[in-house]
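S.K.:
2 protein chains.
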Amino acid sequence: MQAGPCILRAVRPSDFKNLSALCADIKVRDIERYTSEWFGRTSNIKVVARPRSVHEVSDVLKYCNSSGIGVTVFGGNTGLVGGTMAERSEVAISTEFMNRFLEIDVSSGIATVETGLILQNLQERLAIHHLTTPYDLGARGSCTIGGNLATNAGGINFIRHGPLRAHVVGIEAVLANGDVLDLMSKSRKDNCGIDLKQIFIGSEGTLGIITKARIHCPSLHQYRSVALISLKGDFTSTVLETLKKAKETIGESLSAFEFIDGEGAELVGPLPSGMDPKYSGFAVLVEASGSASVSDKIENFLEQLPDSVEGVVGSDLESMSKLWHYRELLPVKMASLGHNLKYDISLPQRELYKLVEGIRLRYANRPDVLKIVGYGHVGDGNLHLNVALDPQFERNPSLESDMSHSVYSYVSECGGSISAEHGIGRDKLEQLFFSKPTVVLEYTRALKKMLDPNGILNPGRTIL
Amino acid sequence: MQAGPCILRAVRPSDFKNLSALCADIKVRDIERYTSEWFGRTSNIKVVARPRSVHEVSDVLKYCNSSGIGVTVFGGNTGLVGGTMAERSEVAISTEFMNRFLEIDVSSGIATVETGLILQNLQERLAIHHLTTPYDLGARGSCTIGGNLATNAGGINFIRHGPLRAHVVGIEAVLANGDVLDLMSKSRKDNCGIDLKQIFIGSEGTLGIITKARIHCPSLHQYRSVALISLKGDFTSTVLETLKKAKETIGESLSAFEFIDGEGAELVGPLPSGMDPKYSGFAVLVEASGSASVSDKIENFLEQLPDSVEGVVGSDLESMSKLWHYRELLPVKMASLGHNLKYDISLPQRELYKLVEGIRLRYANRPDVLKIVGYGHVGDGNLHLNVALDPQFERNPSLESDMSHSVYSYVSECGGSISAEHGIGRDKLEQLFFSKPTVVLEYTRALKKMLDPNGILNPGRTIL
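Going down the list, the sequences are from chains A and B. For the first sequence, my numbering gives the first residue as 897, with consecutive numbering after it. For the second sequence, my numbering gives the first residue as 897, with consecutive numbering after it.
1. Find the nearest neighbour of Leu1127 (chain A) within the set A:Val1182, A:Ala945, A:Leu1092, A:Gly936, judged by alpha-carbon distance.
2. What is the rounded straight-line gap between the Cα of Gly1058 (chain A) and the Cα of Ser963 (chain B)?
3. For Asp1298 (chain B), which three-state DSSP category applies?
4. Might you give, ordered along the chain, the residues of its own chain that have their beta carbon closer than 6 Å to the beta carbon of Val1319 (chain B), omitting 5 neighbours on each side?
5. Are there 16 or more other CB atoms within 10 angstroms of the CB of Thr1102 (chain A), so buried, or fewer, so exposed?
6. Around the C-beta of Lys913 (chain A), are 16 or more other C-beta atoms found within 10 angstroms, so that it is buried, or is it exposed?
7. So, using beta-carbon positions, are Lys958 (chain A) and Val907 (chain A) closer together than 8 Å?
8. How far does the beta strand (DSSP E) with Asn1236 (chain B) in it extend, from its first residue to its last?
9. Which residues bound the beta strand (DSSP E) around Phe970 (chain A)?
10. I think Arg984 (chain B) touches Gly966 (chain B), with their Cβ atoms under 8 Å apart; what is that distance to the nearest whole Å?
11. Along the region 1075 to 1097 of chain B, where does the CB come closer than 8 Å to a CB of chain A? Name the residues.
12. Could you tell me the distance, in whole angstroms, from the CA atom of Gly1050 (chain B) to the CA atom of Thr1029 (chain B)?
13. Assign Tyr1119 (chain A) to one of three DSSP states: helix, strand, or coil.
14. Would you kindly report the start and end of the unbroken alpha helix (DSSP H) that includes Tyr1249 (chain A)?
15. What residues from chain A crowd round Ala1188 (chain B), counting only those whose CB sits closer than 8 Å?
16. Mind listing the chain A neighbours of Thr1011 (chain B)? Cutoff is C-beta to C-beta under 9 Å, in chain order.
17. Exposed or buried, Ser1191 (chain A), counting other C-beta atoms within 10 Å across all chains shown (16 or more means buried)?
18. Can you give me, in chain order, the residues of the region 926 to 954 of chain A that have a beta carbon less than 7 Å from any beta carbon in chain B?
19. Can you tell me the Cβ-Cβ gap for Met1080 (chain A) and Gly1098 (chain B), rounded? I've got them flagged as a contact below 8 Å.
20. Quick check on the DSSP output: the alpha helix (DSSP H) that includes Asp1078 (chain B) runs from which residue to which?
21. Decide if Phe935 (chain A) is buried, meaning its Cβ has at least 16 other Cβ atoms within 10 Å, or exposed.
22. Let's see if you can read the secondary structure: which residues bound the alpha helix (DSSP H) around Lys1345 (chain A)?
23. In angstroms, rounded to a whole number, what distance separates the CA positions of Ala1023 (chain A) and Ile1014 (chain A)?
24. I believe Thr1145 (chain A) touches Gln1200 (chain A) by the beta-carbon criterion, under 8 Å. Please report the beta-carbon distance rounded to the nearest angstrom.
25. Can you find a C-beta in chain B that's less than 8 Å from the C-beta of Glu1317 (chain A)?
26. Evaluate contact between the region 1112 to 1124 of chain B and the region 1203 to 1219 of chain B, counting only Cβ atoms and requiring at least three cross-stretch pairs below 8 Å.
27. Using only the alpha-carbon positions, how far apart do Phe997 (chain A) and Leu1150 (chain B) sit?
28. Glu1393 (chain A) to Ser1315 (chain B), Cα distance in whole Å?
29. Arg1246 (chain A) versus chain C: which residues are under 8 Å apart at the beta carbon?
30. Per DSSP, what kind of secondary structure is Leu1060 (chain B) in: helix, strand or coil?
31. Asn1278 (chain B) touches chain A at which residues, Cβ-Cβ below 8 Å?
32. Closer than 7 Å by beta-carbon distance: list the chain B residues that pair up with Tyr1222 (chain A), in chain order.
33. Excluding the five sequence neighbours on either side, which residues of its own chain have a C-beta within less than 6 Å of the C-beta of Leu1163 (chain A), listed in chain order?
34. Just to confirm the assignment, what range does the beta strand (DSSP E) spanning Asp1192 (chain A) have?
35. Please name the residues in the region 1288 to 1307 of chain B whose beta-carbon is closer than 9 Å to at least one beta-carbon of chain A, in chain order.
36. According to DSSP, is His951 (chain B) part of a helix, a strand, or is it coil?
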């Protein structure tokens, strides 16, 4: 059972004229921004609609729905799983001109925005009121709130604030048939039965287009402290024990807990001052932040660790960014080696590093595999497994599919997720069955069928 | 369009025998616990099934679904909105014997349980590992995890941990037709498209029975400090300004922010030591808790308040519980006056207290209205408006429906919620349209129809 895309037709020249009557900003030329994605792959978008109101969104959708034309939904086009890759000829609907900051209730921290607003612009507006977004990610300068909601963005503050979903107070969403769902609650506490807005959060644009949102925003805290420590031993007795200690001692002020394995640390280079350059084991970055000084908490945490553990603390901006830089340098260094196979997965913490070890055991001796590293937001069970391929060799599809199968089979066995943060899009669609039982996939399709019976929204993506 | 209950038939004697073949524990006698609810109203339950496995749950549901018999789902039966009140003759399915604590992953804090487990029992098991549940409520000694999930329980730690939903890692749910949905992720970060488990959380048993759950549990912190302060002036410039200060200064360690209005404080009696007994204005209780001492944060917070503000701080167990007792005494004192009309609503914070003032203006001079008080979890926009009626007068349905209409119309105008914590059940069903637009109600019904086409689950409740 496929959710409907079979009945879709290609975009015709007459659609351009018809759509222009429904939406003031319709483009067919200079649309390269919409026909390519993050990794440079090209997509089959023929027309771009850039509505300025929910009515225009609704009218364009109604037209496409009744005509059987596929629609690709665009936020900032910063996704990493091909979510904007249209296979057939399609219409793009971009929310970029629906980007107004509508209201802020300072005492509750609830901000109301149009979803084309760029994350960083929202953060800057919030900062005036000593508030911030409950999530943050590298793409902040170009990703949109709508895209963040549609993908239930994770990011670096998850360990502190939990999923974005937890902070969404309300949304407005337009369905494939043009119906506008006003799910704009004004309070976080709203227990009126089934919470329909939840199905749109994380649905990657396949059930509707989110046009407005109300988000709970926490206070922006000034105090921050970062420790980078070096641990020797196995993952469980070092990294996980340290995480437990961090939760106990830093507690509610813990805002990041990241790890890099020894292979990764070796690649990045000597750890900052005072640490063993001949590194083996794990490097862990711990951040505390709060409404009052958190230095004591970091100190107390470090005191609880075995004497053999070496660490360096940064409490001023410069030293903190130096320590973060160490962590951020790893994917850059990996990319410089050659093409990277990247896996963004989550696993129960105890099983997390066994995957890296297993993959290393299986592939490390192949001449075309240069380096296998594990790093990530271990506090959330989120592992980034990156495998650098030697550019002297041709890409080998059978190696890649074998490795993908090994990784996702292990994830499946452990009950983990094949996509911790980045979503499914087009790239992980075929692997979805590793994470979801058949019956769950069936009911998901039924939900899609109910809300988008013609399957016009992001066809061929996210829903298997 | 009603979601199907019209086709349901009454329970017959033969059903008892048939159900006994499917589930070992079927009762038709001594079932008073299931035929009455919190307020003592009686319900039309004829047979009680107490399955011990998901297979038994599935088989009983399959039977009821194919026979067209209504089912009422029981957790701890502690709900306050008549969610277990069966109008027609129905079968009860109680999860009470599916109450095993299955697993805990200490480093991630993720606990796996059967959903008949009582909240307090889970809390006690977690405490061994210095963990606790991400929510807490008065009914902890008898409410079940399944009931908490089905109602998306709020409670007193919402301001710290957000909605229960944010901490649900996975669930197993059985649909009306007996299909078992395995939505048991093992990691909080799991972005594989549409998150189907979300529709069951808060659905009050109308879409399926939640039989298993995996919940993220935060660290149990030892340090706590409470302040009770007395504020004079209007709500916005006192309570809301104080809330803003608390968020800025106590920040991530803020774990409760409760208010009681002057009428309420007058009823409870003089505020603890050193405070003006002739009270007018507002009493605010602020709690900080954390992994290290929070006394400095409370002190710093109090220093930021105007000199005229009086307050008392409790940092040892006895003085803290004395201060909490002050807050908890209010509903008890109100109940002692006579029958209470109780409204559990949420509103944008700036509009919150205007409702109490408006209701007081409209009804305070009526001889049968004794006292109108406002109190609640103001940090979450949650207002408890209680109206004590004079027992010397007969209950007056027209007064009650007029007041209900006034309250909910105001809530509707402000975009608030007619049920902040307690849900809809039977009691708030007719008022649902005050909080939800027609089109949202329609799609909610369509979702119900898709998952429970015969409408056997909790008929006549939650879904309008």
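Heads up, the beta-carbon is just placed ideally off N, CA and C, and yes, glycines get one too.
M.R.: In brief:
1. Within the first sequence, numbered from 1, the residue matching residue 1127 (chain A) stands at position 231. It is A:Val1182 whose Cα lies nearest to the Cα of Leu1127 (chain A).
2. Numbered from its first residue, the first sequence carries residue 1058 (chain A) at position 162. Numbered from its first residue, the second sequence carries residue 963 (chain B) at position 67. One Cα belongs to Gly1058 (chain A), the other to Ser963 (chain B), and the distance between them is close to 43 Å.
3. In the second sequence, counting from the first residue as 1, residue 1298 (chain B) sits at position 402. In this structure, Asp1298 (chain B) counts as helix in the three-state DSSP scheme.
4. Counting from 1 along the second sequence, the entry for residue 1319 (chain B) is found at position 423. Sequence inspection shows Gly at residue 1319 (chain B); the Val mentioned does not correspond to that position. Contacts found: Val977, Thr1047, Glu1100.
5. Taking the first residue of the first sequence as 1, we reach residue 1102 (chain A) at position 206. Thr1102 (chain A) should be labelled buried.
6. As a working mapping, residue 913 (chain A) is identified with position 17 in the first sequence. That one is exposed.
7. Here the question's residue 958 (chain A) lines up with position 62 in the first sequence. Here the question's residue 907 (chain A) lines up with position 11 in the first sequence. No, these two residues do not count as a Cβ contact at 8 Å.
8. For the purposes of this step, residue 1236 (chain B) is taken as the residue at position 340 of the second sequence. That run of the beta strand (DSSP E) goes 1236 to 1242.
9. The sequence position of residue 970 (chain A) within the first sequence is 74, counting from 1. It spans 967 to 970 - the beta strand (DSSP E) in which Phe970 (chain A) sits, taken as one unbroken run.
10. Translated into the one-based positions of the second sequence, residue 984 (chain B) becomes position 88. Translated into the one-based positions of the second sequence, residue 966 (chain B) becomes position 70. 6 Å between Cβ atoms; contact.
11. Asp1075, Val1076, Leu1077, Asp1078, Leu1079, Met1080, Ser1081, Lys1082, Ser1083, Arg1084, Lys1085, Asp1086, Asn1087, Cys1088, Gly1089, Ile1090, Asp1091, Leu1092, Gln1094, Ile1095, Ile1097
12. As a working mapping, residue 1050 (chain B) is identified with position 154 in the second sequence. As a working mapping, residue 1029 (chain B) is identified with position 133 in the second sequence. C-alpha separation (whole angstroms): 12 Å.
13. Working through the first sequence from its first residue, we reach residue 1119 (chain A) at position 223. Here Tyr1119 (chain A) sits in strand by DSSP.
14. As a position in the first sequence, residue 1249 (chain A) is number 353, starting the count at 1. It spans 1245 to 1259 - the alpha helix (DSSP H) in which Tyr1249 (chain A) sits, taken as one unbroken run.
15. Along the second sequence, one-based indexing puts residue 1188 (chain B) at 292. Those within 8 Å of Ala1188 (chain B) in chain A are Thr1145, Gly1147, Asp1192, Lys1193, Asn1196.
16. Locating residue 1011 (chain B) in the second sequence gives position 115, where the first residue counts as 1. Near Thr1011 (chain B) there are no residues of chain A at all, since even the closest Cβ is about 18 Å away, more than 9 Å.
17. By one-based count along the first sequence, residue 1191 (chain A) stands at place 295. The residue is exposed, with fewer than 16 neighbouring Cβ atoms inside 10 Å.
18. Listed by position along the chain: nothing, the set is empty.
19. Translated into the one-based positions of the first sequence, residue 1080 (chain A) becomes position 184. Translated into the one-based positions of the second sequence, residue 1098 (chain B) becomes position 202. Their Cβ separation, rounded to whole angstroms, is 17 Å, which puts Met1080 (chain A) and Gly1098 (chain B) out of contact at 8 Å.
20. Within the second sequence, numbered from 1, the residue matching residue 1078 (chain B) stands at position 182. Note, Asp1078 (chain B): premise wrong, no alpha helix (DSSP H); beta strand (DSSP E) at 1076 to 1079.
21. Here residue 935 (chain A) refers to the residue found at position 39 when the first sequence is read from its first residue. Per the 10 Å Cβ criterion, exposed.
22. The residue labelled residue 1345 (chain A) in the question sits at position 449 within the first sequence. Segment 1334 to 1347, the alpha helix (DSSP H) holding Lys1345 (chain A).
23. What you label residue 1023 (chain A) is simply residue 127 of the first sequence in a count that begins at 1. What you label residue 1014 (chain A) is simply residue 118 of the first sequence in a count that begins at 1. Those two C-alpha atoms are separated by around 14 Å.
24. Within the first sequence, numbered from 1, the residue matching residue 1145 (chain A) stands at position 249. Within the first sequence, numbered from 1, the residue matching residue 1200 (chain A) stands at position 304. Thr1145 (chain A) to Gln1200 (chain A), Cβ: 6 Å. Contact.
25. Within the first sequence, numbered from 1, the residue matching residue 1317 (chain A) stands at position 421. So, interface residue.
26. yes
27. The residue you call residue 997 (chain A) lines up with position 101 of the first sequence. The residue you call residue 1150 (chain B) lines up with position 254 of the second sequence. The alpha-carbon atoms of Phe997 (chain A) and Leu1150 (chain B) are separated by roughly 28 Å.
28. As shown, chain A starts at 897 and ends at 1360. That puts residue 1393 (chain A) outside it, with no answer to give.
29. Given the protein chain composition of this structure (A and B), no chain C is represented.
30. The residue you call residue 1060 (chain B) lines up with position 164 of the second sequence. The answer is helix: DSSP assigns Leu1060 (chain B) an H, G or I state.
31. As a first step, residue 1278 (chain B) must be located in the second sequence, where it is residue number 382. Result: Ser1083, Lys1085.
32. Counting from 1 along the first sequence, the entry for residue 1222 (chain A) is found at position 326. Under the 7 Å cutoff, chain B gives no residues; its nearest Cβ is about 23 Å from Tyr1222 (chain A).
33. Numbered from 1 along the first sequence, position 267 holds the residue referred to as residue 1163 (chain A). Contacts found: Lys1229.
34. Walking along the first sequence from the start, residue 1192 (chain A) turns up at place 296. Not the beta strand (DSSP E): Asp1192 (chain A) falls in the alpha helix (DSSP H), residues 1191 to 1199.
35. none
36. Within the second sequence, the letter at position 55 stands for residue 951 (chain B). Three-state DSSP puts His951 (chain B) in a helix.
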